[in-house]
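A.B. asks: Those protein sequence lines, which keep their order, are chains W and L.
Counted the way my numbering counts, the first sequence spans residues 1 to 513.
Counted the way my numbering counts, the second sequence spans residues 514 to 921.
Just so it is clear, CB atoms sit at the ideal spot from N, CA and C, and this is done for glycine as well.
Owing to the predicted nature of the structure, the values given are computational and were not obtained by experimental measurement.
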Amino acid sequence: MSDYDSIIIGAGHNGLVCAAYLARAGQRVLVLEAAAEPGGLAATREFHPGFRVSVAHTLHHFSRKIVQELGLTKHGYQPGELMNTTGLSADGQHVSIKGNLVKGVSSADAEAFSEYQAMLQKFAAALEPFWMKTMPRIGKNSLKEMLTFAQVGLKLRLLGADDMREFFRVASLPIRDLMDENYDSDILKAVLSWDAVIGSTQAPRSPNNTVLSMLYRMTGESGGAHAIPAGGMAGLVNALAAAAESQGVELRYGSPVKSIAVEGDENGQRATGVVLGDGERLTAERVISATDPKRTFFDLLGARHLEIEFTNRIRRLRTDGQVAKLHLALSGLPNFSGVDQPDGRLIIAPQMDSLEFAWDDAKFGRLPEQPALEVLIPSLREPGLAPTGQHVLSAHVMYVPRSLEGGWTETAKAELQGKVMQTLAQYAPGIEDLVLHAELLTPQDLEEQWKVTGGHWHHTELAMDQMLMMRPTYEAAQHSTPIPGLFICGAGCHPGGGVMGGPGHNAAGEILR
Amino acid sequence: MTAEEQSLRHATAPDPYADERLTLSPFHARQAALNIREAWSEWNGYRFADYYYDVEYEYFCIRNTVGTYDISPMQKYHVEGPDAEAMLDRMVTRDVTKLKEGRVTYVCWCTDTGRMIDDGTIFRLGPEKFMLTCGSPSLAWLKKARFGFDNLTITDMTDNIAGLSVQGPCSCATLKAMGLDGIDQLKPFNIAYFDFAGSQLMVSRTGFTGDLGYELWVEPQLALQMWDALYAAGENYGIQPYGEAATNMARLEAGFIMPDMEFHEALKTVHLNHDQSPFELNLGWLVDFKKPHFNGRRALLEERERGPAYTLTKLDIEGNKVAEGSWIYADEGCSKHVGYVTSAMWSPAVKANIALAMIKTEHLKGELWAEIYYDKELRQYEKIARCTVADKPFWAPDRARATPPADA
Numbered sequence: 001m002s003d004y005d006s007i008i009i010g011a012g013h014n015g016l017v018c019a020a021y022l023a024r025a026g027q028r029v030l031v032l033e034a035a036a037e038p039g040g041l042a043a044t045r046e047f048h049p050g051f052r053v054s055v056a057h058t059l060h061h062f063s064r065k066i067v068q069e070l071g072l073t074k075h076g077y078q079p080g081e082l083m084n085t086t087g088l089s090a091d092g093q094h095v096s097i098k099g100n101l102v103k104g105v106s107s108a109d110a111e112a113f114s115e116y117q118a119m120l121q122k123f124a125a126a127l128e129p130f131w132m133k134t135m136p137r138i139g140k141n142s143l144k145e146m147l148t149f150a151q152v153g154l155k156l157r158l159l160g161a162d163d164m165r166e167f168f169r170v171a172s173l174p175i176r177d178l179m180d181e182n183y184d185s186d187i188l189k190a191v192l193s194w195d196a197v198i199g200s201t202q203a204p205r206s207p208n209n210t211v212l213s214m215l216y217r218m219t220g221e222s223g224g225a226h227a228i229p230a231g232g233m234a235g236l237v238n239a240l241a242a243a244a245e246s247q248g249v250e251l252r253y254g255s256p257v258k259s260i261a262v263e264g265d266e267n268g269q270r271a272t273g274v275v276l277g278d279g280e281r282l283t284a285e286r287v288i289s290a291t292d293p294k295r296t297f298f299d300l301l302g303a304r305h306l307e308i309e310f311t312n313r314i315r316r317l318r319t320d321g322q323v324a325k326l327h328l329a330l331s332g333l334p335n336f337s338g339v340d341q342p343d344g345r346l347i348i349a350p351q352m353d354s355l356e357f358a359w360d361d362a363k364f365g366r367l368p369e370q371p372a373l374e375v376l377i378p379s380l381r382e383p384g385l386a387p388t389g390q391h392v393l394s395a396h397v398m399y400v401p402r403s404l405e406g407g408w409t410e411t412a413k414a415e416l417q418g419k420v421m422q423t424l425a426q427y428a429p430g431i432e433d434l435v436l437h438a439e440l441l442t443p444q445d446l447e448e449q450w451k452v453t454g455g456h457w458h459h460t461e462l463a464m465d466q467m468l469m470m471r472p473t474y475e476a477a478q479h480s481t482p483i484p485g486l487f488i489c490g491a492g493c494h495p496g497g498g499v500m501g502g503p504g505h506n507a508a509g510e511i512l513r
Numbered sequence: 514m515t516a517e518e519q520s521l522r523h524a525t526a527p528d529p530y531a532d533e534r535l536t537l538s539p540f541h542a543r544q545a546a547l548n549i550r551e552a553w554s555e556w557n558g559y560r561f562a563d564y565y566y567d568v569e570y571e572y573f574c575i576r577n578t579v580g581t582y583d584i585s586p587m588q589k590y591h592v593e594g595p596d597a598e599a600m601l602d603r604m605v606t607r608d609v610t611k612l613k614e615g616r617v618t619y620v621c622w623c624t625d626t627g628r629m630i631d632d633g634t635i636f637r638l639g640p641e642k643f644m645l646t647c648g649s650p651s652l653a654w655l656k657k658a659r660f661g662f663d664n665l666t667i668t669d670m671t672d673n674i675a676g677l678s679v680q681g682p683c684s685c686a687t688l689k690a691m692g693l694d695g696i697d698q699l700k701p702f703n704i705a706y707f708d709f710a711g712s713q714l715m716v717s718r719t720g721f722t723g724d725l726g727y728e729l730w731v732e733p734q735l736a737l738q739m740w741d742a743l744y745a746a747g748e749n750y751g752i753q754p755y756g757e758a759a760t761n762m763a764r765l766e767a768g769f770i771m772p773d774m775e776f777h778e779a780l781k782t783v784h785l786n787h788d789q790s791p792f793e794l795n796l797g798w799l800v801d802f803k804k805p806h807f808n809g810r811r812a813l814l815e816e817r818e819r820g821p822a823y824t825l826t827k828l829d830i831e832g833n834k835v836a837e838g839s840w841i842y843a844d845e846g847c848s849k850h851v852g853y854v855t856s857a858m859w860s861p862a863v864k865a866n867i868a869l870a871m872i873k874t875e876h877l878k879g880e881l882w883a884e885i886y887y888d889k890e891l892r893q894y895e896k897i898a899r900c901t902v903a904d905k906p907f908w909a910p911d912r913a914r915a916t917p918p919a920d921a
């Protein structure tokens, strides 16, 4: 008999969600995590004595269904208060968004914004049935699978003819076009675009569904607004781990998996367990990988066990991340000019073209001349993250190439950090004097330290050709893989990345079917 | 205008079509002299003889004496390194791990969905060294197939190895007369090496005629010297080069498949299911399900359970009208269309009207009728002829397998 019913590789949120559901259904489940704590890119860690932070720093669409079904509230999860988003302007004329209201723009823009938000939220709601369901296979459909399509079709149809037409028009639009149609304010445009492009290798003018990516992020009751849960991101991660353990899941940290064990005979191949870094072998009825597709299929399984065309489809997945992360330990609260209390999301992209220009630099392997930033001071929301009176600054930096021309040398990292600090200092004069410690994580650092290919937030680019029943590719888009006994449940699966939980939830559903 | 004339005419100006012109085989100088009909076609970018003198004459050389066929344009790849065996074993449907050093095996390889990409042969030249030969360029597929096998190199040797097939009942005697001592002890699908002109000549007992025959592999610089030695030795046997047309006759009698006749390479096929599976081509014996994994295994296993939609079938057709391009019916009234002929000929050796045909598998047991169109001095005629399924190759003489072969 196998040691476990299921072994899950990776205790990121999707691995934990999947584990909890399987154990709830009576399975003996082991989760193996290479790091010392759960959460993956959402894990909270001390980066300087007394200062803690997580790479993913807010929540905006974590599935309410999962919260309820796994009883996460009972395990300490409390969604935080929704945050404002502020687009910083060099002249102090900031643009501030709260819910469906915007301040700091013309009355025409403000009016358009309410309508625009309402429309997008309606579209996001129509797509809702897509996210928490396994995608149908093309060609071989069960009735249940066809119903998923039918349900979305019906929801779209119920929008009414005008809205449905508009949905099809905007879903695949570059976000830039949608912005130009609706607004005059450059900062408003840039701020709204941020949520369409963040974490991806696309800029506002890039063709290919940036609007669709944004609609995915607007799923859920917050309508796209971000929040930090009670206890920081650890609040969610710890609740997930506790929920899993309460169902009987065994969690092992500091246990990197070296390979997925495959046995083969005249009946074909089968995944039978894993081999750990220290050589220990564990067997299971099935292995479920929450890591990214390339790491799963190439590094842990080995392409030789796969078929050639399938291998090639995984190989060509676009997996280079373009977001760096800056963490600052600050001796005091920085003063952002014109911002009363910097406890929301601050976006520094003062022109619509700021994002595009930064992307142009990055796509040719260069550092962005002027990086665009999403800045948060999580310690204002969650005081436990820094010593009393001191603060943590957490910033996403766009766009930063995974493969920098000339490589990621210490000099290159210092240069990028200098640019980011210079940008911050423009809006928060004197901030450099508050810095006790700085940690800059390039996409390559994310790849190496978090074991995620390309350092890509979403494991593989969230773009039309890699979404829905194409995510990560056909023959693996329903969580099963060409290898019997091997499943995938990470962000490389439909519906995709972000801290949402859909892939883990859907994978468990497929396995228990 | 031949390339030589072209180059003479433009002796002073560079040839604007230099990159477009066909490559000349290492044996070209001798073959051109013997191609008295100037019947040239093309194979993989090489100038290649359709026939030299007369198709039937060349065919009878294969069956009665000895002929040579230029296989230099065949694609040849060296796959070398610690991962070479595993990489090829995963790519092809047969078990390469069982192939011993000094042996050759016939293989095919498929897409993930079990459709045939190409067939060819694998030579095991050493513990970690293989040569793969096939009819069409396959480097792109090999590059895809090698991903995940880091410790190997793939080298396209096509232009670096001259290949000449020596086929027919007098082939062994000719090679013996050429001085290849012990050639008569070489068993089918074995490889032997001989000293030649201070270098090495590799000989495999392989071929595409179903007859006694060998294939000679040598560095291109020695090609003409080898040709001269071979032709001097074979003079009394009436050695004669043969081209594509005679090859096609011989291989059909032997029941071998030909690309673009029996099968359409899967990677070049646009229409759904217009390619074939090994089962459809009656090559199920090449598919080794004892192997836990090879490309297309899952799809082929499903197909084996389900049964192939079509089966390539050898037909003996009544009468003497060649059933080229014929449709096959389940009844004499031609109301139920059940297949199509892929290759057909009157076989001089067997004295039979033979064909290969793709027949819907479910109809194999029933009656089969060919609707044959033929012409007589420009007038078109039609004939419905009864077909009998033949289980064995039409031509498979004992001498093809005998070691040593009987003296010619």
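Identify every residue that forms a DSSP beta bridge with L535/L.
C.D. replies: Taking the second sequence and counting its residues from 1, the one referred to as residue 535/L is at position 22. Note: L535/L sits in no beta bridge, so no partner.
A.B. asks: Given L881/L, which residues of its chain have a CB within under 6 Å of its CB, disregarding the five upstream and five downstream residues?
C.D. replies: On the second sequence, position 368 is the one that residue 881/L refers to. Answer for L881/L: I841 and C900, listed in chain order.
A.B. asks: Whose Cβ in chain L lies nearer than 9 Å to the Cβ of F298/W?
C.D. replies: Reading the first sequence from its first residue, position 298 is the one you call residue 298/W. Going along chain L in sequence order, the residues near F298/W (Cβ under 9 Å) are F660 and G661.
A.B. asks: Cα-Cα, which of I8/W, N14/W and S246/W is closest to G490/W?
C.D. replies: Taking the first residue of the first sequence as 1, we reach residue 490/W at position 490. The option with the nearest alpha carbon to G490/W is N14/W.
A.B. asks: Residues of the stretch 258-271 of chain W in Cβ contact with chain L at a cutoff of 7 Å, in chain order, please.
C.D. replies: Answer in chain order: G264, D265, E266, G268 and Q269.
A.B. asks: Whose CA, out of G92/W, E145/W, L446/W and A23/W, lies closest to the CA of P350/W?
C.D. replies: Counted from its first residue, the first sequence places residue 350/W at position 350. P350/W has its Cα closest to that of G92/W, out of G92/W, E145/W, L446/W and A23/W.
A.B. asks: Taking the CB atoms as reference points, tell me whether F709/L and M670/L lie closer together than 8 Å.
C.D. replies: Taking the second sequence and counting its residues from 1, the one referred to as residue 709/L is at position 196. Taking the second sequence and counting its residues from 1, the one referred to as residue 670/L is at position 157. No.
A.B. asks: So with CB distances below 8 Å, who are the chain W contacts of F802/L?
C.D. replies: Reading the second sequence from its first residue, position 289 is the one you call residue 802/L. Within 8 Å Cβ-Cβ: E266.
A.B. asks: Per DSSP, what kind of secondary structure is V170/W in: helix, strand or coil?
C.D. replies: Residue 170/W sits at position 170 when you count from the first residue of the first sequence. Three-state result, V170/W: helix.
A.B. asks: Below 7 Å between beta carbons is the criterion; list the residues of the stretch 459-481 of chain W that meet it against any residue of chain L, in chain order.
C.D. replies: Of all residues in the stretch 459-481 of chain W, none has a Cβ within less than 7 Å of some Cβ in chain L.
A.B. asks: Can you check whether the CB of L486/W is closer than 8 Å to the CB of I260/W?
C.D. replies: Along the first sequence, one-based indexing puts residue 260/W at 260. Along the first sequence, one-based indexing puts residue 486/W at 486. Yes, the pair counts as a contact, with Cβ atoms nearer than the cut-off.
A.B. asks: When the cut-off is 8 Å and only beta carbons count, does E307/W lie next to chain L?
C.D. replies: Counting from one through the first sequence, the residue named residue 307/W turns up at place 307. Output row for E307/W: interface = yes.
A.B. asks: In three-state DSSP terms, what is V237/W?
C.D. replies: Locating residue 237/W in the first sequence gives position 237, where the first residue counts as 1. DSSP places V237/W in helix when its eight states are reduced to three.
A.B. asks: Does F357/W come within less than 8 Å of chain L when only Cβ atoms are used?
C.D. replies: As a first step, residue 357/W must be located in the first sequence, where it is residue number 357. Not an interface residue.
A.B. asks: Give the C-beta separation of F51/W and L236/W to the nearest angstrom, bearing in mind that I take them to be a contact with Cβ-Cβ under 8 Å.
C.D. replies: Numbered from 1 along the first sequence, position 51 holds the residue referred to as residue 51/W. Numbered from 1 along the first sequence, position 236 holds the residue referred to as residue 236/W. About 20 Å separates the two Cβ atoms, so there is no contact after all.
A.B. asks: Along the chain, where does the alpha helix (DSSP H) that runs through D360/W open and close?
C.D. replies: Looking up residue 360/W in the first sequence gives position 360. Element bounds for D360/W: M352 to K363.
A.B. asks: Relative to the C-alpha of H516/W, which candidate in M83/W, E510/W, A438/W and A25/W has its C-alpha closest?
C.D. replies: Beyond the ends of chain W as shown, which are 1 and 513, falls residue 516/W; an answer cannot be given.
A.B. asks: Interface residues of chain W around D631/L at Cβ under 8 Å?
C.D. replies: Taking the second sequence and counting its residues from 1, the one referred to as residue 631/L is at position 118. Neighbours of D631/L on chain W: none; closest Cβ ~13 Å, over 8 Å.
A.B. asks: Taking the C-alpha atoms as reference points, what is the distance between Q390/W and G264/W?
C.D. replies: Against the first sequence, residue 390/W aligns to sequence position 390. Against the first sequence, residue 264/W aligns to sequence position 264. Rounded to whole angstroms, Q390/W to G264/W spans 57 Å at the Cα level.
A.B. asks: Restricting to Cα atoms, I'd like to know which of Y750/L, Y619/L, G627/L and E793/L is closest to L814/L.
C.D. replies: For the purposes of this step, residue 814/L is taken as the residue at position 301 of the second sequence. Considering only alpha carbons, the answer is G627/L.
A.B. asks: From M771/L to A463/W, what does the alpha carbon distance come to, in whole angstroms?
C.D. replies: Along the second sequence, one-based indexing puts residue 771/L at 258. Along the first sequence, one-based indexing puts residue 463/W at 463. Computed Cα separation, rounded: 43 Å.
A.B. asks: For the alpha helix (DSSP H) holding D177/W, just list the boundary residues, first then last.
C.D. replies: On the first sequence, residue 177/W is found 177 positions in, with the first residue counted as 1. I175 to N182 is the extent of the alpha helix (DSSP H) around D177/W.
A.B. asks: Cβ of F310/W less than 8 Å from any chain L Cβ?
C.D. replies: The count along the first sequence starts at 1 and reaches residue 310/W at position 310. Yes - at least one Cβ of chain L is within 8 Å of the one on F310/W.
A.B. asks: So that I know if they touch, is there some Cβ in chain L lying closer than 8 Å to that of G580/W?
C.D. replies: The shown model of chain W, from 1 to 513, leaves out residue 580/W, and the question about it has no answer.
A.B. asks: Should Y894/L be labelled buried (16 or more other beta-carbon atoms within 10 Å of its own) or exposed?
C.D. replies: Mapped onto the second sequence, residue 894/L falls at position 381. Exposed, because fewer than 16 other Cβ atoms sit within 10 Å of the Cβ of Y894/L.
A.B. asks: Verify the CB distance criterion: does A349/W have a CB-CB separation below 8 Å to chain L?
C.D. replies: As a first step, residue 349/W is located in the first sequence; it is residue number 349 there, counting from the start. A349/W does not count as touching chain L.
A.B. asks: Of all the options A898/L, E555/L and T618/L, which has the alpha carbon lying nearest to the alpha carbon of L943/L?
C.D. replies: Here chain L has residues from 514 to 921 only, and residue 943/L is not among them.
A.B. asks: What's the call for L729/L, buried or exposed, on a 16-neighbour Cβ count within 10 Å?
C.D. replies: As a first step, residue 729/L is located in the second sequence; it is residue number 216 there, counting from the start. Flag for L729/L reads buried.
A.B. asks: So that I know if they touch, is there some Cβ in chain W lying closer than 8 Å to that of K657/L?
C.D. replies: Taking the second sequence and counting its residues from 1, the one referred to as residue 657/L is at position 144. Yes - at least one Cβ of chain W is within 8 Å of the one on K657/L.
A.B. asks: Taking the straight line between their C-alpha atoms, what separation do you get for H437/W and M470/W?
C.D. replies: By one-based count along the first sequence, residue 437/W stands at place 437. By one-based count along the first sequence, residue 470/W stands at place 470. Going by the C-alpha atoms only, they are around 42 Å apart.
A.B. asks: Could you check whether the Cβ of T624/L sits closer than 8 Å to any Cβ belonging to chain W?
C.D. replies: Counting from one through the second sequence, the residue named residue 624/L turns up at place 111. Yes, T624/L lies at the interface with chain W (some Cβ there is under 8 Å from its Cβ).
A.B. asks: Which same chain residues, not among the five before or five after L212/W, have their C-beta less than 6 Å away from its C-beta?
C.D. replies: Looking up residue 212/W in the first sequence gives position 212. A171.
A.B. asks: Can you tell me the Cα-Cα spacing of L326/W and G501/W, whole angstroms?
C.D. replies: By one-based count along the first sequence, residue 326/W stands at place 326. By one-based count along the first sequence, residue 501/W stands at place 501. So the alpha carbons of these two residues sit roughly 25 Å apart.
A.B. asks: For E475/W, which residues in the same chain have their Cβ closer than 7 Å to its Cβ, ignoring the five residues on either side in sequence?
C.D. replies: Taking the first sequence and counting its residues from 1, one reaches residue 475/W at position 475. So the list reads F310 and P482, once near-sequence residues are dropped.
A.B. asks: When the cut-off is 8 Å and only beta carbons count, does A161/W lie next to chain L?
C.D. replies: Here residue 161/W refers to the residue found at position 161 when the first sequence is read from its first residue. Not closer than 8 Å to any Cβ of chain L, the Cβ of A161/W fails to qualify, so no.
A.B. asks: Are three or more beta carbon pairs between the stretch 798-809 of chain L and the stretch 827-837 of chain L nearer than 8 Å?
C.D. replies: At 8 Å Cβ cutoff, the stretches do not touch.
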